[in-house]
Each structure stands twice: as C-alpha cells, then as structure tokens.
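Structure first, commentary second.
Numbering (the working numbering), first residue to last: 1 to 326.
Given below as structure tokens:
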C-alpha cells in the first residue's frame, strides 16, 4: 500500500519541488495536484522538466480519498483554504506557509500543528497529525544554533548575516525578482525585523528557556536562484574542539544535517535535502556557517522528511538527492 498524497498549489516553486520528489518516492502515490489557474493543463506543461516523468494534469477539485495533504500556498492562504475547504480529520496536513508556525497560531479549529523541524521535534513529528513546516531562513539559522541552545550556551548576542536565492521570494513577479535587477546585484531587506525571527526565537527558547540574548539578523538577496548561506557569530568560552564535539553529538542521529570540519559552500547542498554546518573560533568569537537549499531542506524536502516520519517510513525515503556541484 502506498500513501496517497494531494498537493494544493502545485504550480509554484514549492509545489513543483514537491512533485519532483513525490513522483520518484517509493512509498507515495500522487492522488491529485490542485491549481485553480492551471486546471486541465498537463503538469509537464508548467514544470517542463517533468516531461516524460508524469502524465498527471492539474485539477480544480479536491479529493478526500488521500492520506496526506500538502499545502504549497502563500502565507495567509493556508488558513483561508482550510476555512473554505473542510478536510477530513483522517487526513494529515503538512502546511508550507507560515500560518501555523508560532505557538499562538498553531491551533486551527480541532487541528493542532506541530512545528516541523526534525532536528528539534522529531518525536513530536512522528505522532503528529498536522505539521507547520519551518521557514527557509529559520531552518538554516536554527540548524546553526540548536546545539548551543540545547546546552544552554547562547550567553551573548548572536549576529547573523544570511543570503538567500531568488526562489525564496516565490514565483510571483516583483521589482526585486526580475533578472535584470537581481543579476550582478546584492541587497539587504527587513534588517533586524524579518518574520522568521519569531519562530527561531521560539525554537531556541524551547531548548534554552533562560535565553534572553538578542538575535541580530541581517537578511540579504543574492544574485543566484537557490540556496541560503547563514554566517553567525557570538562571544563564547568554548574551544573549537569543544564546540565541534557538541555539534557532532547533537546531529549524530539526524541523517540530513552534517558538521563539516572544512569550509563549506552552497553547491554542496543545492538540489539536496542536506544541511551543512561549519564552525570556526576567532579569538573569543565562535563563528558558525550553515547552508541549505531553500526549496528542499528549507521547504518541500523538509515537508517530505516530515511526512516520512509521520507515516513511520525511512526518514530519507525519496530524498537521496544529488547535489549540482558543477
């Protein structure tokens, strides 16, 4: 028996990535892919790289004959969708928007959403019926800081500079997503105020309840399509060896997050569900680099990882993906 999956919002970036993974997932059958703007069109006419991989068409209706529903919709739209389309209690929901990530917003009618970062909440995810998939910046930054928080070792302000690719802004056109503006360019936005700071703070407080230090986050738009690189530092008494041992021990049971003792670059993780973390010590400062693919470990790949955990599958099923290293 295969898990029957439905996808809402299948025409966008995260919906397309979800399709690319699930078409080749050994334990999943795609029951339907909903897109109101593309109903009746072949999926391969929209996601043209899938020619030869699927004959599925987008549909406008929603079947209840599924086991799991992926909401690949914009922020604010998941809650609207569920309000307008009652979904059977027997169907598990994985939401990729930000609608249910924060504790105060994690309940919708009778549904309780668990924050879906496996490296933080794996046991809760295994027994969950509903998942709020983390944000892409939030995933990358948390994976750089969780081991310290777990030991109560964030004792000073954390300075974070992180750069994301253009796909992080979604498929809708805007002044800052056009090639002519984005190419050969670099810009800062939402300095100190990015919305992902709230979920990052909640996760760190879950591990280190006494945490009161500031997270100073400067997000940047990069002139590339995929990936996030976060560079972080804080004052720390740890030696480099002590820090490396803490990180390696924390991630030893997690198949997608790895600590590299050599410097890292985005091409090592692009097109994969991997996260890599590298640590350095410079005087009294602990310097941490964390990298992910924003559409995979930062979105659709992590959503499938969560699905695997929820249904008792191999956590890596369908996610053994090859990096585009050159």
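Every residue, glycine too, gets a C-beta built ideally from N, C-alpha and C. Since we're looking at a predicted model, the values are computed, not measured.
Beta-bridge partners of residue i, as assigned by DSSP
i	result
residue 116	DSSP lists no partner for residue 116.
residue 92	68
residue 290	230, 277
residue 297	In the DSSP output, where bridge partners are listed per residue, residue 297 has none listed.
residue 57	42
residue 5	30, 68
residue 328	The first residue shown for the chain is 1 and the last is 326, placing residue 328 beyond what the model contains.
residue 111	108
Of the listed residues the options, nearest to residue i (C-alpha basis)
i	options	result
residue 119	43, 146, 200, 113	146
residue 275	20, 227, 179	227
residue 295	6, 1, 4, 13	13
residue 31	212, 8, 41	8
residue 28	71, 323, 308, 324	308
residue 249	75, 150, 128, 68	150
residue 184	174, 221, 253, 245	221
residue 122	254, 317, 321, 291	254
residue 4	70, 36, 20, 39	70
residue 77	99, 224, 90, 301	99
residue 66	6, 33, 21	6
residue 301	315, 288, 187	315
residue 34	24, 64, 273	64
First through last residue of the beta strand (DSSP E) which encompasses residue i
i	result
residue 276	275 to 282
residue 260	257 to 260
residue 33	28 to 34
residue 105	Careful: residue 105 lies outside any beta strand (DSSP E) and carries neither H nor E.
residue 87	No beta strand (DSSP E) holds residue 87; DSSP gives it neither H nor E.
residue 317	Unbroken run through residue 317: none, as it is neither H nor E.
Start and end residues, alpha helix (DSSP H) containing residue i
i	result
residue 306	300 to 310
residue 79	77 to 84
residue 269	It is not in any alpha helix (DSSP H) - residue 269 carries neither H nor E in the DSSP assignment.
residue 44	43 to 46
residue 15	13 to 22
Complete runs of the beta strand (DSSP E) confined to the stretch 182 to 252 [at least 3 residues]: 215 to 221, 228 to 235
The stretch 46 to 59 contacting the stretch 275 to 288, beta-carbon criterion three pairs below 8 Å: no
Cβ pair count under 8 Å reaching 3, the stretch 295 to 309 against the stretch 5 to 25: yes
At least 3 beta-carbon pairs within less than 8 Å: the stretch 59 to 66 vs the stretch 94 to 101: no
Complete beta strand (DSSP E) runs within the stretch 137 to 180 (minimum length 3 residues, chain order): 158 to 164
Inter-stretch contact (C-beta, 8 Å, three-pair minimum) for the stretch 113 to 132 and the stretch 259 to 266: no
The stretch 135 to 144 in contact with the stretch 319 to 326 per 3-pair CB rule at 8 Å: no
The stretch 202 to 212 touching the stretch 234 to 244, judged by at least three CB pairs closer than 8 Å: no
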